[in-house]
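Engineer:
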Amino acid sequence: MQNRPAIVAVGRTKFGEHYGKEPEKLIEEAWLAASNECDIERRDLEACYLSDCFLPITNKLGLEEGFLSELTELHVPMEVTRSVSAALLAACHAIQAGAYSTVLVGGIEKMTDRWDKIRDDLMLLDDPWSYYAGGTPETNHELMLRAYVKKYGITGENLDKLNVALAQVSVKNHANATKNEYAQFQRKITVDQVLSARKAAQKP
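Everything in the sequence shown is counted per this note's numbering, starting at 61 for the first residue and increasing by one.
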């Protein structure tokens, strides 16, 4: 395997809710951004690798290979994986093996359309017991934290330190977002703001 793969261009969309855009529009935006960085045209592509995990659930899109072929108007091999790392690895292996020289690798998830229905679908898929008990991803995360605190007997000053440490993760993420043009929330927040935020799971 003498062929060494190289990423020659990258395109992406801004993180956000994108209620007015279908998945194919987001893919198109990312592809156009990537193609503008290099001299590669659609006709140069010998294969496409698309990654998504929940698209068949969240947007009722099955047979993504056909969807991608129609979108790109290409009749070349189309492969679908469930993680972008797997898509990239498969593409690299194909290039190393000499099967292709130029391929497109992309990944997409769109979670905002019909959010209540999507959340229910994902909860049922991941944790049926919590779903039937009325659980949501947000409440599950907080309940898992409470279980952790109870299991290890974290109280008093140590509990305060744990809460601050977790809050600092959000503070760090928001600070990094101010430097990223594609980030959804480009504003700084403080530890106090995080600690005073509404709880996801309250006692009745």
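Glycine included, every Cβ here is placed at the ideal spot set by N, Cα and C.
Values in this document were obtained by computation on a predicted structure and should not be read as measured data.
Going by DSSP, which residues form a beta bridge with Val165?
Structural biologist: Tyr109
Engineer: In or out: Ala225 buried (at least 16 other Cβ within 10 Å) or exposed?
Structural biologist: exposed
Engineer: Give me the residue from Tyr208, Val163, Ser145 and Glu82 with the minimum Cα distance to Leu134.
Structural biologist: Selection Tyr208, Val163, Ser145 and Glu82 evaluated against Leu134 yields Val163 as nearest (Cα-Cα).
Engineer: For Glu124, count neighbouring C-beta atoms within 10 Å of its own C-beta (all shown protein chains included) and say buried if the count is 16 or more, exposed if not.
Structural biologist: buried
Engineer: Assuming Ala235 contacts Val254 under a Cβ cut-off of 8 Å, what Cβ separation, rounded to an integer in Å, is found between them?
Structural biologist: Not really, about 12 Å apart at Cβ, beyond 8 Å.
Engineer: Counting C-beta neighbours from all protein chains within 10 Å, is the total for Gly126 16 or more, i.e. buried, or is it exposed?
Structural biologist: Classification of Gly126: exposed, given that the 10 Å Cβ count is below 16.
Engineer: Would you call the segment 81-94 and the segment 152-159 in contact, with 3 or more CB pairs under 8 Å?
Structural biologist: no
Engineer: Does the beta-carbon of Pro264 have 16 or more other beta-carbons within 10 angstroms, so that it is buried, or is it exposed?
Structural biologist: Unreliable placement is indicated for Pro264, whose pLDDT of 48 sits below 50; the coordinate value is still reported in the next sentence. Around the beta carbon of Pro264, a 10 Å sphere encloses fewer than 16 other beta carbons of the protein chains shown; the residue is thus reported as exposed.
Engineer: Around the C-beta of Leu115, are 16 or more other C-beta atoms found within 10 angstroms, so that it is buried, or is it exposed?
Structural biologist: buried
Engineer: Just to confirm before moving on: does the CB-CB distance between Glu101 and Val136 stay below 8 Å?
Structural biologist: Not in contact: Glu101 and Val136 (Cβ atoms no closer than 8 Å).
Engineer: Along the chain, where does the alpha helix (DSSP H) that runs through Met204 open and close?
Structural biologist: Pro197 to Lys211
Engineer: Say whether the segment 71-81 touches the segment 242-252, bearing in mind that this needs 3 or more beta-carbon pairs closer than 8 Å, one atom from each stretch.
Structural biologist: yes
Engineer: Give the range of the alpha helix (DSSP H) segment to which Glu89 is assigned.
Structural biologist: Pro83 to Ser95
Engineer: Quick one: measure Cβ to Cβ for Glu169 and Cys113, integer angstroms, because I've assumed they're closer than 8 Å.
Structural biologist: 6 Å
Engineer: On the DSSP letters alone, give me the boundaries of the beta strand (DSSP E) that Thr141 sits inside.
Structural biologist: Segment Met138 to Thr141, the beta strand (DSSP E) holding Thr141.
Engineer: Helix, strand or coil for Phe75? Go by DSSP, reduced to three states.
Structural biologist: coil
Engineer: Using C-beta distances below 7 Å, list every residue in its chain close to Thr132, excluding the 5 sequence neighbours before and after it, in chain order.
Structural biologist: Arg102 and Cys108
Engineer: Can you tell me whether Ile67 is helix, strand or coil according to DSSP?
Structural biologist: In the three-state scheme derived from DSSP, where H, G and I count as helix and E and B as strand, Ile67 is classed as coil.
Engineer: Compare the Cα-Cα distances from Thr118 to each of Met171, Ala146 and Tyr212 and report the closest residue.
Structural biologist: Comparing Cα-Cα distances from Thr118 to each of Met171, Ala146 and Tyr212, the minimum goes to Met171.
Engineer: Decide if Glu217 is buried, meaning its Cβ has at least 16 other Cβ atoms within 10 Å, or exposed.
Structural biologist: exposed
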